[in-house]
Amino acid sequence: MKTSTAWLIGRPRTSAGRTRTLLVAGGAAVGGGLLIAAAAVLRVPAEEVRYLDGGGTVSSSSGEYSSLVVQAGLRPGVLTGILLLVLPALALAWQAVTTGSARRAAVHEGLRLSGATPADLRRVAMLEPAVAGAFGGLLAGAVYLALWLLLHVAAPASARLLPGLSPLDAVAWLVVIALSTLVGGVAGALAATPRRRRPVRAWPRLLAVGVGVLALVAAVSAPRDIDRHARSTTLLCAALVVLALGLLSTGSIWVTARARRLARSGTAVDVLAAGGLRTLAGPAGRTAGTTCVAGLVIGVVGSLTGLLLEPQHSLSESLPGILFALLAGLLAMLAAVASLVLAATDDLVTTRRAVASTAALGADPTVLEQVQRRRLAVVTTGPLLAGVLLGGLYAPGAQSPIALGTVLLTVALALLLARALAVAVTRVLRPQLARAAAPSSLRVA
Amino acid sequence: MNPPTLTLSAVSHTYGRTQALRDATLSVAPGEVVAVTGPSGCGKSTLLLLAAGVLRAQSGRVTVAGTELSGVDDTARALVRRRSIGLVLQFGQLVPDLPVRDNVALPLLLEGHPAADARAAADGWLDRVGLAVGPDTLPSELSGGQAQLAAAARALVHGPALLLADEPTASLDTRSGRALLDLMLATTVAAGGAVLLVTHDNTVAARADREVRLRDGVIEHEVALS
Amino acid sequence: MSLTELHLALLAGAPRHGYDIKQEHDAWFPDSRPLPFGQVYATLARLQRDGLAEVVETRVDGGPERTVYALTDAGDERLRAWLTEPAPPTGTGAEEIVRKTIAALHTGIDVQGHVARQRAVHLRRMRELGQVPPGASPAERLVREHLIAHLDADLRWLDLATDLLRSSPTPPERTHS
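Protein chains in written order, with the numbering used here: chain A, 29 to 473; chain B, 99 to 324; chain C, -19 to 157.
1. For the alpha helix (DSSP H) containing residue 89(C), name the first residue and the last one.
2. How long is the line joining the alpha carbons of residue 149(C) and residue 130(C), rounded to whole angstroms?
3. What does DSSP give as the partner residue(s) for residue 319(B) in the beta ladder?
4. Distance check for residue 469(A) and residue 243(B), CA to CA, integer angstroms please.
5. Taking the C-alpha atoms as reference points, what is the distance between residue 11(C) and residue 188(B)?
6. List the whole-angstrom C-beta distance separating residue 189(A) from residue 114(A), where the pair is believed to meet the contact cut-off of C-beta under 8 Å.
7. Using a Cβ cut-off of 8 Å, which residues of the segment 135 to 153 of chain A contact any Cβ in chain B, in chain order?
8. In the DSSP assignment, the beta strand (DSSP E) including residue 407(A) goes from what residue to what residue?
9. Determine the contact status of residue 63(C) and residue 41(C), defining contact as a CB-CB distance below 8 Å.
10. Figure out for me which residue from 83(C), 134(C), 115(C), 117(C) has the closest Cα to the Cα of residue 100(C).
11. When you compare the segment 126 to 146 of chain B with the segment 288 to 297 of chain B, are there three or more beta-carbon pairs, one atom per stretch, that lie closer than 8 Å?
12. Of the residues that make up the segment 280 to 309 of chain B, which ones have a beta carbon closer than 7 Å to any beta carbon in chain C?
13. Please report the straight-line C-alpha distance between residue 87(C) and residue -7(C), rounded to a whole angstrom.
14. Are the CB atoms of residue 191(B) and residue 138(A) nearer to each other than 8 Å?
15. Suppose contacts are defined by Cβ-Cβ distances below 8 Å. Is residue 319(A) in contact with residue 364(A) by that definition?
16. Return the bridge partner residues of residue 110(B) from the DSSP annotation.
17. Among all the DSSP beta bridges, which residues are the ones paired with residue 75(C)?
18. Can you name the start and end residues of the beta strand (DSSP E) that residue 36(C) belongs to?
19. Using a threshold of 8 Å, state whether the C-beta atoms of residue 33(C) and residue 59(C) are closer than that.
20. Of all the beta strand (DSSP E) runs that stay within the bounds of the segment -4 to 51 of chain C, which reach a length of 3 or more residues?
21. Going by beta carbon distance, what residues of the same chain come within less than 6 Å of residue 21(C), once the five residues before and after it are set aside?
22. For the alpha helix (DSSP H) containing residue 271(B), list its first residue and its last residue.
23. Take residue 318(B) and list the residues in its own chain whose beta-carbon comes closer than 6 Å to its own, dropping the five residues that flank it on each side.
24. Would you mind telling me which residues of chain B sit closer than 7 Å to residue 46(A), beta carbon to beta carbon, in chain order?
25. Run through DSSP, which three-state label would residue 121(B) get?
26. In whole angstroms, what is the alpha-carbon distance linking residue 106(B) and residue 155(B)?
27. Please check if any C-beta of chain A sits within less than 8 Å of the C-beta of residue 316(B).
28. Thinking residue 321(A) and residue 275(A) are a contact (beta carbons under 8 Å), I'd like their distance in whole angstroms, please.
29. Have a look at the DSSP bridge pairing and note the partners of residue 292(B).
30. If distances are taken between C-alpha atoms only, which option among 399(A), 327(A), 346(A) comes closest to residue 436(A)?
31. Quick check: is the beta carbon of residue 172(B) nearer than 8 Å to any beta carbon in chain A?
32. Exposed or buried, which one is residue 180(B) when buried takes at least 16 other CB atoms within 10 Å?
33. Tell me where the alpha helix (DSSP H) around residue 297(A) begins and ends.
34. What does the alpha-carbon distance come out to for the pair residue 171(B) and residue 240(A)?
35. Nearest to residue 111(A) by alpha carbon, out of 272(A), 166(A), 168(A)?
36. For residue 31(A), collect the residues of the same chain with a Cβ closer than 8 Å to its Cβ; drop the 5 residues on either side in sequence, then sort them by chain order.
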């Protein structure tokens, strides 16, 4: 099949399709820009500490950059921070790629019946996420440029995290473009591959979460040793990645379990909400996973902020770190919101007929909205809170009472946030809900 | 006599523990119209999907236009479907999000025809089946009957050697159903194509040259009608 | 007249006397006119004369004398020949398809073959009727449509009858008195 034909068939036509493309591109752009920044941090000349005979030390640091990126012990921490930002961005992009799975299954089936070969189907499935990925890769340059302006040009020397621009940035950019295009395409092909329905095995996923938690606790509670700092930070990074992947994959288990509980409870709203959750356990699970990872980031951010507020750090020294942490928290929240809107829109598009039949059977709009909100609450409140608590493990591990305080504050804020999110998203989607409940949706195949 | 366009020999198919089709043997010659009838759940649709190569026969052989479908991979079966088979299923099974016109043009587009030519051909067939749509009309804007008309146009656009239709007129009223069936049979048979109709509607079955009756996955009888 | 063959079918299961035959007939065709005794005995006499049925027993148990009839080989042959021939596809005013189908289902003689043959003649007729000659007037088309609709109804009934009687666990009970 010609690529032009694949594009003709696969290009996004509906507003849902365009949203998906934009989110994939956006996630890739933010993730890619941060990765370029991470590569750039490695270019900052590291501080060499010489021990003097008399017992003092002499630092080679010119004082041009923040100690966060100069000190061998702190730099991996910054890289961890950047990684924490990349995770929700990529989780969101993956969720966007896999969104609308029911609709894509119908497309797949229609094409297959008309004689599309498996290779044709793969090409159609790959093209759009690949283009979105490439677009995101291009935008990653702009994201990096903005970061550079913020963290190099505008920042005072004590808060400067990034070095000046160099041709190496362009190389990193090209690599990011190539990677995001490739990953986008592969993700699209993966998302479109029809998988056999089989019972989800819970234990390997829960095991990954367990291992991640243990590694996190181990990394945080390990004795602070300047020489081993780099190693423990690497362990921390690895722990967070394992934990994040584990959490992403346990989303559907959580959703299925909740759906079973709701179905038993017996009120009409709960039963209706459970029905939708069960049929869409995959997509809803991915949303829960993304929300949980966002919660994890927010939890870690809360702990870090607490740690940085400890009296032994001077405010001017820790301010860039705090700002950076808050930015991370903000981005994680944005990812959570985008993920929720995406999931809820997708849900409404997929279940239009079910919504319309429920309305036709006599459910009034407020009931439909309650069902919608209940479903959103399942994928927000629990996962967000679980993520925040897991991320908050950072604080007791570090044995800092202030950090414990900020974690508790973060938990309270996260609870409020989860409630507000479910309500706000339902409100935003009210017109879409009304459209889905319209009788004309009854005849949609 | 020409070799049959479609042959099923001793084909069986099981879904999980349910045996949908047992030892079905059947052939359709070029220019012949065969109706497969039987009560709901008798295995009619399974037989059609096996003939289309959408399902792979678990035992027995399915041959379409000289290619044995059970012996080749998914790609080869897709190519047979694209080049030699026109498929009309009960609910149209159009590709959502793709305009109706492009849906009809799909077999030609997949085969690598220029988009302009494929769309012109699609417009011609949409006109013949009597479905007036704009260039951007989406399948979701069609009624069930209109979707069936579009699916029929899609099945005819590439002049298939074998037309497979599952309840092709189920969503249409008597008159438009008959007109569509007339068009489908006349064009395919005139070009030497073979037709396999799956239906529980006797008035549709009465258009065939032969009736094959299925019950509980077994061919119960086969009678010539012409 | 198919009433002769219908009597053969009524005798096919077991030897019966006239009263039994009447009861059985009325049970097979609950909405048709009850069979008058006179007709039963007249038909039985004719069957005996033609060698299709024979008297096997004369019972007297307290009441009136009852003659029990049974099918002869020739009668059985005649019945099977009748069932092999499908009812003409007239669509309207035909009790023949009902008689034959009920008889086939009750006697269990080649039910599947009966359904196949009956469907074939009906579908063939529907096919012919569907091929309207080019110069046909609208009125003629309508007459054809009327017949097609009735033939379709016959076939649907045939489906239903075979389905219902097949899915009932035991063969329909015979009435004995």
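Note that CB positions come from ideal geometry on N, CA and C, so glycine has one too.
A quick look at the data gives this:
1. Here residue 89(C) corresponds to residue number 109 of the third sequence, with the count starting at 1. It is not in any alpha helix (DSSP H) - residue 89(C) carries neither H nor E in the DSSP assignment.
2. For the purposes of this step, residue 149(C) is taken as residue 169 along the third sequence, with counting starting at 1. For the purposes of this step, residue 130(C) is taken as residue 150 along the third sequence, with counting starting at 1. Here the model assigns residue 149(C) a pLDDT of 47, short of 50, so the residue's position is not dependable and the matter cannot be decided.
3. Along the second sequence, read from residue 1 onward, the residue named residue 319(B) stands at position 221. Note: residue 319(B) sits in a beta bridge opposite 311(B).
4. To locate residue 243(B), count along the second sequence from 1; it is residue 145. To locate residue 469(A), count along the first sequence from 1; it is residue 441. Cα to Cα, residue 243(B) sits roughly 16 Å from residue 469(A).
5. Your numbering for residue 11(C) matches position 31 in the third sequence. Your numbering for residue 188(B) matches position 90 in the second sequence. Taking the straight line from one Cα to the other gives about 39 Å.
6. Residue 189(A) sits at position 161 when you count from the first residue of the first sequence. Residue 114(A) sits at position 86 when you count from the first residue of the first sequence. The C-beta distance from residue 189(A) to residue 114(A) rounds to 15 Å, too long to meet the 8 Å contact threshold.
7. Cβ contacts with chain B: 135, 137, 138, 139, 140, 141, 142, 143, 144, 145, 146, 147, 148.
8. Your numbering for residue 407(A) matches position 379 in the first sequence. It is not in any beta strand (DSSP E) - residue 407(A) instead sits in the alpha helix (DSSP H) that spans 393 to 420.
9. For the purposes of this step, residue 63(C) is taken as the residue at position 83 of the third sequence. For the purposes of this step, residue 41(C) is taken as the residue at position 61 of the third sequence. No; because the gap between Cβ atoms is not below 8 Å, this pair is not in contact.
10. As a working note, residue 100(C) is residue 120 in the third sequence. Comparing Cα-Cα distances from residue 100(C) to each of 83(C), 134(C), 115(C), 117(C), the minimum goes to 134(C).
11. Yes, the segment 126 to 146 of chain B touches the segment 288 to 297 of chain B.
12. So the list reads 300, 301, 303, 304, 305, 309, given in the order they occur along the chain.
13. The sequence position of residue 87(C) within the third sequence is 107, counting from 1. The sequence position of residue -7(C) within the third sequence is 13, counting from 1. The alpha-carbon atoms of residue 87(C) and residue -7(C) are separated by roughly 7 Å.
14. Taking the second sequence and counting its residues from 1, the one referred to as residue 191(B) is at position 93. Taking the first sequence and counting its residues from 1, the one referred to as residue 138(A) is at position 110. In this structure, residue 138(A) lies closer than 8 Å to residue 191(B) by Cβ.
15. Against the first sequence, residue 319(A) aligns to sequence position 291. Against the first sequence, residue 364(A) aligns to sequence position 336. Yes, Cβ-Cβ distance for residue 319(A) and residue 364(A) is below 8 Å.
16. Along the second sequence, read from residue 1 onward, the residue named residue 110(B) stands at position 12. Residue 110(B) pairs with 157(B).
17. Within the third sequence, residue 75(C) is the residue found at index 95, counting from 1. Residue 75(C) is not bridged to any residue.
18. What you label residue 36(C) is simply residue 56 of the third sequence in a count that begins at 1. Per DSSP, residue 36(C) belongs to the beta strand (DSSP E) from 33 to 39.
19. Position 53 of the third sequence holds residue 33(C). Position 79 of the third sequence holds residue 59(C). Residue 59(C) is positioned such that its CB atom lies no closer than 8 Å to that of residue 33(C).
20. Runs found: 33 to 39, 46 to 51.
21. Here residue 21(C) is taken as the residue at index 41 of the third sequence, counted from 1. The answer, listed in chain order, is -2.
22. As a working mapping, residue 271(B) is identified with position 173 in the second sequence. For residue 271(B), no alpha helix (DSSP H) run applies, since DSSP gives it neither H nor E.
23. Walking along the second sequence from the start, residue 318(B) turns up at place 220. Hits under 6 Å: 311.
24. Translated into positions along the first sequence, residue 46(A) becomes position 18. Ordered by position in chain B, no residue passes the 7 Å Cβ test against residue 46(A), which lies about 11 Å from the chain.
25. On the second sequence, position 23 is the one that residue 121(B) refers to. Strand, per DSSP.
26. Position 8 of the second sequence, counting from 1, holds the residue named residue 106(B). Position 57 of the second sequence, counting from 1, holds the residue named residue 155(B). Using only the alpha carbons, I get a separation of about 10 Å.
27. Start at 1 with the first residue of the second sequence, and residue 316(B) comes out as number 218. Output row for residue 316(B): interface = no.
28. Counted from its first residue, the first sequence places residue 321(A) at position 293. Counted from its first residue, the first sequence places residue 275(A) at position 247. That belief holds up - the Cβ atoms of residue 321(A) and residue 275(A) are roughly 6 Å apart, short of 8 Å.
29. Position 194 of the second sequence, counted from the first residue, corresponds to residue 292(B). Per DSSP, 260(B).
30. Taking the first sequence and counting its residues from 1, the one referred to as residue 436(A) is at position 408. For the residues 399(A), 327(A), 346(A), the minimum Cα distance to residue 436(A) belongs to 327(A).
31. Translated into positions along the second sequence, residue 172(B) becomes position 74. By this cut-off, residue 172(B) is an interface position.
32. The residue labelled residue 180(B) in the question sits at position 82 within the second sequence. Flag for residue 180(B) reads buried.
33. Your numbering for residue 297(A) matches position 269 in the first sequence. For residue 297(A), the enclosing alpha helix (DSSP H) starts and ends at 296 to 307.
34. Here the question's residue 171(B) lines up with position 73 in the second sequence. Here the question's residue 240(A) lines up with position 212 in the first sequence. Looking at the two C-alpha atoms, the distance is approximately 42 Å.
35. Translated into positions along the first sequence, residue 111(A) becomes position 83. Looking from the CA of residue 111(A), the closest CA among 272(A), 166(A), 168(A) belongs to 272(A).
36. The residue labelled residue 31(A) in the question sits at position 3 within the first sequence. Spatial neighbours of residue 31(A) in its own chain (CB-CB distance under 8 Å, excluding positions within 5 residues in sequence) are listed in chain order as 151, 155.
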